[in-house]
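Undergrad: The structure under discussion is supplied below as structure tokens; questions concerning it will follow.
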Amino acid sequence: MLAGFALLMVGLIGIEAMALRWGWLELESWRMAPRVAFEALPALPGDAYEWPSRWIARPDLPRDPAQYLPPGIGHERHGRAFVFVLHPTTFMGRNHWNAPIDHANSRMRAELSVRSTASVFNDEAGVYAPRYRQAALGTFLADRPESQRALALAEGDARMALTAFLHTIPAAAPIVLVGHGQGALILMRLIRDMVRGTPLSARVIAVYLAGWPVSPQHDLPVMGMSACTRADQAGCVMAWMSFAKPADPREALAMAMHYPTLDGVLPSAGPSAGGDRPLCTNPLTGGETPDAPVSANLGSIALGDEVRGQALVRPSTGAQCDRDSGLLLIMAPPHLGDEIMPGNNYTAYDFALFWRNLRGDIARREGVWLHEQPTS
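Under my numbering, the first residue of the sequence shown is numbered 198, with each subsequent residue one higher.
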């Protein structure tokens, strides 16, 4: 037993020494990166997103997680917008660079994510959230050519899904675009390639990008959009990354370092390293002011676990955009689940934390957009 314990201690000391030598990011990359050769998967059939099985949320699905409402809360209006949602990374495996479309655990996690995120918008005319062959979590920690190829494959699926979405909804209908985590990174690229400079841009009520750093200098101009600075503004971008204090965003920002901004600049690890400060628009204020107290939060949602059942949670948390880091700092957040990542990273709950406020946010922006349309 003593010999075994000694071997264990030697192993732990060795791991610690390796971490100090390589650095924490290198160690995480070694631990999480896929352990297989990259597999160049074939393109999806041209009609893939005509199949209900390719969607997590769609108005005609019998079980649609986007239609979730917490107990005691009902639909409050009938919006006219159609909403396209790209969920964040939910595939944690190392045996593929891209999630197999039938991987049970990542499908389940994606459905929970859509339930938390897309349900914000279920007072609108229709919410669409595709399944796509997302890049594995480990690809974002590995600075390797395979990481770029994995993201390109995921982006190709998302591009097909957005094209199918646009062909499905009425030709002049207003739209809302939503991306979370990996979905936000991909959605920015789709806006650059498919929305900017087209008639479609005039139909965009708002874009919500959470859980991924959005550069005001290098991303927004290429998207052809500005940040939301007022709650009564349409056609703008809301973006934020939620962290509790004390916040350590190094891992989250390092994951973005391998992916150029939309104008081709390779970002550094945040402002402290001379990089661009991420855009932060406070979802409690619609971007109007950077700080908001707990009383401004109209309710978060808990989806239910062994600690708390499904509920609208209030009082919840205030939030402030940190002027130095660009993070959205939350105060004494409630327990909504166990998906808290290193560094007090609450980005898994970017939408759930501000659920009721965001429902009001899109309602206001839609009203402004409708008011601005020609009467003809």
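Yeah, the Cβ is synthetic: ideal placement off N, Cα and C, and Gly gets one too.
#1: With H, G and I counted as helix, E and B as strand and the rest as coil, what does DSSP make of residue 302?
#2: Going by beta-carbon coordinates alone, are residue 515 and residue 549 separated by less than 8 Å?
#3: If you scan the segment 422-493 from start to end, which runs of the beta strand (DSSP E) of 3 or more residues do you find wholly inside it?
#4: Do you know offhand how far residue 467's Cα is from residue 259's?
#5: Provide the residue span of the beta strand (DSSP E) that contains residue 375, from first to last.
#6: Can residue 327 and residue 252 be called in contact, C-beta distance under 8 Å?
#7: Would you identify the three-state DSSP class for residue 324, choosing helix, strand or coil?
#8: Suppose you measure from the CA of residue 501 to the CA of residue 406; what does that come to, to the nearest Å?
#9: Taking the beta carbon of residue 438 as the centre, do at least 16 other beta carbons fall within 10 Å, making it buried, or is it exposed?
#10: Pull up the DSSP beta-bridge partners for residue 406, would you.
#11: Flag this pair as yes or no: are the beta carbons of residue 321 and residue 279 separated by less than 8 Å?
#12: CB-CB under 6 Å to residue 556, same chain, minus the five flanking residues each way: which ones, in chain order?
#13: What residues match up with residue 264 in a beta bridge as DSSP calls it?
#14: Classify residue 381 as helix, strand or coil using the three-state DSSP reduction.
#15: Leaving out five residues on either side along the sequence, give the residues of the same chain with a beta carbon under 7 Å from the beta carbon of residue 285.
#16: Let me check one thing: in DSSP terms, what residues is residue 570 bridge-paired to?
#17: Residue 332 by DSSP, collapsed to three states: which one?
#18: Return the residue from the list 231, 412 and 443 that minimises the CA-CA distance to residue 540.
#19: Could you tell me how far apart the beta carbons of residue 569 and residue 424 are, in whole angstroms, since I believe they sit closer than 8 Å?
#20: Give the single residue among 413, 436, 427 and 478 whose Cα lies nearest to the Cα of residue 460.
#21: What does residue 525 pair with, by DSSP beta-bridge criteria?
TA: From the atom records:
#1: In this structure, residue 302 counts as helix in the three-state DSSP scheme.
#2: Between residue 515 and residue 549, the CB-CB gap reaches or exceeds 8 Å.
#3: The beta strand (DSSP E) runs lying completely inside the segment 422-493 and spanning 3 residues or more are 433-437 and 439-441, given in chain order.
#4: Low local confidence applies: a pLDDT of 49 at residue 467 is under 50, so the model's placement there is unreliable, with the coordinate-based value given in what follows. The straight-line gap separating the alpha-carbon atoms of residue 467 and residue 259 is approximately 43 Å.
#5: Here the beta strand (DSSP E) through residue 375 covers 372-377.
#6: yes
#7: strand
#8: The straight-line gap from Cα to Cα measures roughly 25 Å.
#9: Classification for residue 438: buried.
#10: 376 and 436
#11: yes
#12: 317
#13: Paired residue(s): none; residue 264 is not in a bridge.
#14: Residue state, collapsed to three classes: helix.
#15: Cβ neighbours of residue 285 beyond the five flanking positions: 310, 377, 378, 379, 380 and 408.
#16: Paired residues: none, contrary to the question.
#17: strand
#18: Nearest C-alpha to residue 540: 443.
#19: With 8 Å as the limit, residue 569 and residue 424 do not qualify as a contact, their Cβ atoms being about 18 Å apart.
#20: 413
#21: 439 and 518
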